[in-house]
Amino acid sequence: MKIIGFVGMPGSGKSEASRVAREMGLEVVIMGDVIRAEARRRSLDPTDSNLGMVGNSLREKDGAAAIARGCLAMIRGGGVVVVDGIRSLAEVEFFRDSCRDFHLVEVYAPPQSRLGWIASRGRPDDSAPGPAEAADARVFSPCDPGLRHTAEALERRECRELGWGMCEAIQAADIRISNDGSLEEFQEKVRAILEGLSR
């Protein structure tokens, strides 16, 4: 088995890179699905604050690599598998120890681009109201009552993920894909990297 892990700050393009991997016929496992499944088990809505709390809880209870262990258990095949959403060096080390053929790919995008994409994608864990409201770049922040700017909500999320060790995980990447051009350019970069690593 070969595992290709995606790491990157929120909104950098990891989900789009995973979509490209699926189009190429690769198995994709999303680390956040482990957390979302646990949130459902606890009857919690999939909001940013709830998912952050569940992620923290799992890591406190089962160790820093708890999400990675749950993710490895979800892998069905023995070929090339993409793991989307690595958040810490402990998770990187877990995958390196569990799979001799592990490659970590950082997906990078400039902060202002990430901010705009997060505001427009409308995922529940972004706390965004939806694409229609993206123009004014505001979201509801579960951290504080009332509306907050997307930048404030993104900063809170980044602080939480950096607290999990995201910076160290990014620094451990073997390859960097820059998502700083058009969508088509990014997709082509992802395809080229995945084709090279899948050999």
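Here the sequence shown is numbered in the working numbering, starting from 361 and rising by one per residue. Ideal Cβ positions, reconstructed from N, Cα and C, are used throughout, including at glycine. If you're wondering where the values come from, they're calculated on a predicted model, not measured in any experiment.
Between Glu453 and Gly368, the C-beta gap is not smaller than 9 Å, which leaves the two residues out of contact. The criterion of a C-beta distance shorter than 9 Å is not satisfied by Ala529 and Glu420. Taking the C-beta atoms as reference points, Tyr468 is found nearer than 9 Å to Asn539. Pairing Val380 with Val441 gives a Cβ-Cβ distance that is not under 9 Å. Within a 10 Å sphere around the beta-carbon of Pro370 sit 16 or more other beta-carbons, which makes this residue buried. Per DSSP, the unbroken beta strand (DSSP E) holding Asp444 starts and ends at Val440 to Ile446. Leu418 sits away from Gly525, with the two beta carbons spaced by 9 Å or more. With a contact defined as Cβ atoms closer than 8 Å, Gly373 and Leu464 miss out at about 15 Å.
Residues of the same chain with a CB within less than 8 Å of the CB of Cys459, apart from the 5 flanking positions on each side, are Met361, Lys362 and Ile363 in chain order. For Gly365, there is no enclosing alpha helix (DSSP H); the residue is part of the beta strand (DSSP E) that begins and ends at Lys362 to Val367.
Per DSSP, Ser372 lies in no alpha helix (DSSP H) segment and is marked neither H nor E. If you ignore the 5 residues before and after Met434, its C-beta comes within less than 8 Å of the C-beta of Val389, Asp393 and Val394, all in its own chain and listed in chain order. Contact check for Ala377 and Ile537: beta-carbon distance about 7 Å, within the 8 Å limit, so the pair qualifies.
Residues Ala450, Glu451 and Phe454 of the same chain have their beta carbon placed closer than 6 Å to that of Ala425, with the five preceding and five following residues left out of the count.
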